[in-house]
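Read the sequence shown against our numbering and you will find it ends at 103, with the numbers running on by one and no gaps.
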Amino acid sequence: MTGASVALLAGTMSTILFASSALPMVVKAIRTRDLRSYSPANLVLANVGNAIHCIYVVHLPPGPIWALHGFYVVTSALMLLWWLRYHTGGRYHSGPRGVVREERRLA
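Spelled out as structure tokens, the structure:
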């Protein structure tokens, strides 16, 4: 194996591992619509970072980094959109299967 082959294999394997590690979070968010544990600041910063990182990635030759970055762009955007949709004014909309959501009350 050449150095380039090893690098491509490592990039492919790490892309699969990183994407696999994020899938449970995305599946749980889809299934429950419960994003209370996510910080809105983190979600916004992740999306801004992804947008800036796009400038770097598009100047690289096509490869595993494009797939990984594309996955991060899509999942980060979806998580932010879902957070905005299901978390409004301290109330959570009810999710599938009648899951009850927390409602903040002012004392």
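In this text, a Cβ means the ideal position worked out from N, Cα and C, and glycines have one as well.
At a Cβ-Cβ threshold of 8 Å, residue 61 and residue 54 do not count as neighbours.
In the DSSP assignment, residue 35 falls outside any alpha helix (DSSP H) and carries neither an H nor an E. A residue is called buried when at least 16 other Cβ atoms come within 10 angstroms of its Cβ; residue 3 does not meet this threshold and is exposed. The C-beta distance from residue 82 to residue 31 rounds to 6 Å, short enough to meet the 8 Å contact threshold. Judged by DSSP in its simplified three-state form, residue 83 adopts strand.
Residue 55 carries a coil assignment under DSSP once its states are collapsed to helix, strand and coil. Assignment of residue 31 by DSSP, reduced to helix, strand and coil, places it in the coil class. If you draw a 10 Å sphere on the C-beta of residue 10, you find fewer than 16 other C-beta atoms in it, and that means exposed.
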